[in-house]
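Asker: Quick one: the structure is below, and I'll ask about it shortly.
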């Protein structure tokens, strides 16, 4: 599990640094497109192999279950909010930087700083969550993402993008840990899969919609509105019951780190 997480983190952090060399290696933007095509093809092959090996035949969890069950709703709202805010801001940030004269090397470094925040501290976040609890870490992550979005609205910089990624990391490790803690073992795999599906569908919609907002209102408005999105999730976390730290037999937050560092969930 650790090796897979390290490989995923290395790819996410190192990938943006290939932007300028890839552009220089082929006419126009053919180089980055070729790198992306190869990476997507390899990911598709790996996903197909994993899917074939892990098929269970268990029916999926209805989306309404994620909304109506308090034990799931709080964690799911944090995971969805973190991904939507991050996707909206980070889809628009590179073209915004490029439009204002940043070089491809500078843009790649800024994106790498962001992914360092997203992935590099996941093991420490897991230990912190075990020590202080999911609620405190989720609130810290949402607050960090809101503050980073406000800073980015005033002017994009690598430190603010790093902080946005770190806030995402806090939300995802603690949110995944809360989900694992509150969902019975027999339902956990199906619920986590359903939450993942909702997270990525809404993130894709945010990535598409943010471009329209960027064109219509500008990057400052986009980043500001993205920061405001953390407020409902924060209110839900504050109003939720704390519950026991970790029921007997459940995995601790450090095991949920694979969800972040490796881009996959640990096996229940």
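In our numbering, the protein residues as written are 591 to 858. The beta-carbon is built from N, C-alpha and C at its ideal position, and this holds for glycine as well. Predicted model, so just to flag it, every value in this text is computed and none were measured.
(1) Counting Cβ pairs, one atom from each stretch, are 3 or more of them under 8 Å apart for the region 693-706 and the region 791-807?
(2) Does the region 738-746 come close enough to the region 772-782 to have 3 or more Cβ pairs within less than 8 Å?
(3) Curious, which full-length alpha helix (DSSP H) runs of at least 4 residues does the region 661-691 contain?
(4) Distance, Cα to Cα, residue 695 vs residue 812?
(5) Determine, using beta-carbon pairs with one atom in the region 650-660 and one in the region 755-770, whether at least three such pairs fall under 8 Å.
(6) Would you mind working out which of 701, 674, 676 and 677 sits nearest residue 687, comparing C-alpha positions?
(7) Leaving aside the five residues before and after residue 826 along the sequence, list all residues of the same chain whose C-beta is less than 6 Å from its C-beta, in chain order.
(8) I'd like to know whether the C-beta atoms of residue 821 and residue 736 end up nearer to each other than 9 Å.
(9) Under three-state DSSP, which class holds residue 710?
(10) Should residue 638 go down as buried or exposed, given a rule of 16 or more other Cβ atoms within 10 Å for buried?
(11) Quick one: what's got a C-beta closer than 8 Å to residue 614's C-beta in the same chain, skipping five residues either side?
(12) Looking at C-alpha atoms only, which residue of 767, 677, 750 and 725 is the closest neighbour of residue 713?
(13) Comparing C-alpha positions only, which one of 676, 617, 636 and 632 sits nearest to residue 790?
Answerer: Checking against the coordinates, here is how it stands:
(1) Touching, no, given that fewer than three Cβ pairs across the two stretches are closer than 8 Å.
(2) Too few Cβ pairs lie closer than 8 Å, so no.
(3) Counting only runs of 4 or more, we get nothing.
(4) Those two C-alpha atoms are separated by around 24 Å.
(5) Contact fails: fewer than three Cβ-Cβ distances are below 8 Å.
(6) It is 701.
(7) Cβ within range, chain order: 664 and 667.
(8) Yes.
(9) Look at residue 710 here: in three-state DSSP terms it is coil, with no helix or strand label.
(10) With fewer than 16 other CB atoms across the displayed protein chains lying within 10 angstroms of its CB, residue 638 is exposed.
(11) Around residue 614: 621.
(12) Selected option, being the one with the closest Cα: 767.
(13) Checking every option, the nearest Cα to that of residue 790 belongs to 676.
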